[in-house]
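Data first, discussion second: the structure below is written as structure tokens.
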Amino acid sequence: MKILVTGASGQLGSTFKSLAKKGYAKELDFVFKSATDLDITDIDAVQEELTSSDYAYCINCAGFTNVDSAEDQNDLAYLLNVTGVRNLAINCNRSKTILIHISTDFVFDGFSNVPYSEEAVARPINFYGDTKYKGERAVINNVSRYFILRTSWLYSEFGQNFMKTMLKLAPKKDTISVVYDQIGTPTYALDLANTILLIIKENSKDYGTYNYSNEGVASWYDFAKAIFEGYTIDIELKPILSTAYEMSAERPKFSVLDKSKIKDTFGLIIPHWKDSLSVALRAYSQING
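For reference, each letter of the sequence shown is one residue, going 1 to 289 in the UniProt record's numbering.
Structural data, given as structure tokens:
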């Protein structure tokens, strides 16, 4: 079974590469395309790629993911998160390829006091979230067979993410300030990748939108504290309000996802974020020493 992975140099794409190298999915024939290899904003290039090979699935890991930069680079964020996604959806539909698209908790406004279900109304409060929601609509409106997986606070030993930023800052700082009034769930990219592989291996026809994150709830302060404790780093952490931290983009204060649908549909047992963080820290240590 042939599978196209776009955005293959990012943290989720790199996770799939790592799994493929370790032989965890021998029955799957992955074709990895970085942004340099395949520009999803180029509809002709996308059409050629999807029609020249018999892909059963396309896992779209490409996108503009810097939330603050999206406020200043509107055109590029829209091009990658909406136009590029539409290009993939149109051509996946033509080639009868199932599209698996990654979205975000930032499609929600954060004003809820209960976890967001898939049916909750999307009201993004920043440009990044707006483009991701429009990307979801581009999938729904242009391809008949798709899985949209909304995830949150994605991190791994690969790419750029909060865990790696904290570990790189620690040797340079005596004190690190981290916001404590934004609540969500850290999600290990390996767990998300394994869930996607499960969906593929089951040859599921339960198409649609699903929420996926690790179990549990945390603030960014909680997450940072667990990172340093897990890596045995002694550093002073200072909890601060979001208003004390200068950011271009507003963040949702509460973006916990309700995962009942994906657990019920696929019989998932999802790890707690603290358990997955321990796995990620060991993997990071093996790479970085």
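Ideal Cβ positions, reconstructed from N, Cα and C, are used throughout, including at glycine. Note that the structure is a prediction, hence the values are computed from the model and not measured.
Span of the alpha helix (DSSP H) holding Val46? 43–52
Under the rule that 16 or more other beta-carbon atoms within 10 Å means buried, what is Glu246, buried or exposed? exposed
Residues that DSSP places opposite Gly184 in a beta bridge: Ala218
What span of residues does the beta strand (DSSP E) with Lys238 cover, start to end? 236–240
Arg251 - DSSP class collapsed to helix/strand/coil: coil
Complete alpha helix (DSSP H) runs within the stretch 139–207 (minimum length 4 residues, chain order): 162–169, 189–201
Leu257 beta carbon less than 8 angstroms from that of Tyr116: yes
Which of the three DSSP states, helix, strand or coil, is assigned to Phe32? strand
What is the rounded straight-line gap between the Cα of Leu190 and the Cα of Ser219? 21 angstroms
Which whole-angstrom value is the C-beta distance of Pro252 and Gly110, which I expect to be below 8 angstroms? 2 angstroms
Between Leu79 and Thr41, what straight-line distance do the alpha-carbon atoms span, to the nearest angstrom? 6 angstroms
Can Lys259 and Ile269 be called in contact, C-beta distance under 8 angstroms? no
Would you call Tyr24 buried or exposed, if buried means 16 or more other Cβ atoms sit within 10 Å of its Cβ? exposed
Tell me whether the beta-carbon of Asp181 lies closer than 8 angstroms to the beta-carbon of Ser242. yes
Considering only the beta carbon of each residue, do Leu169 and Tyr231 sit closer than 8 angstroms? no
Inter-residue CB distance, Ile148 and Ser103 (contact presumed, cutoff 8 angstroms): 5 angstroms
Starting from Asn60, trace the alpha helix (DSSP H) both ways and give me its first and last residue. From DSSP, Asn60 is part of no alpha helix (DSSP H) but of the beta strand (DSSP E) over 57–60.
Identify the residues that DSSP records as bridge partners of Asn211: which are they? Arg150
Which residues DSSP lists as bridging Lys2, in chain order: Asp29
Could you spell out where the alpha helix (DSSP H) holding Ser260 opens and where it closes? 260–266
How many Å lie between Lys132 and Ile90 at the Cα? 17 angstroms
Kindly confirm or deny that the stretch 111–130 and the stretch 52–59 touch, where touching means at least three C-beta pairs closer than 8 angstroms. no
List the endpoints of the continuous alpha helix (DSSP H) containing Leu99. From DSSP, Leu99 is part of no alpha helix (DSSP H) but of the beta strand (DSSP E) over 98–104.
I need the DSSP call for Leu38, collapsed to helix, strand or coil. coil
Measure from the alpha carbon of His272 to the alpha carbon of each residue in Gly63, Thr185, Asp174, then state which is nearest. Thr185
Would you check if the stretch 148–165 and the stretch 198–215 touch, i.e. whether three or more CB-CB distances between them fall below 8 angstroms? yes
At what residues does the alpha helix (DSSP H) containing Val85 begin and finish? 84–95
Do Cys61 and Ala8 have their beta-carbon atoms positioned less than 8 angstroms apart in this structure? yes
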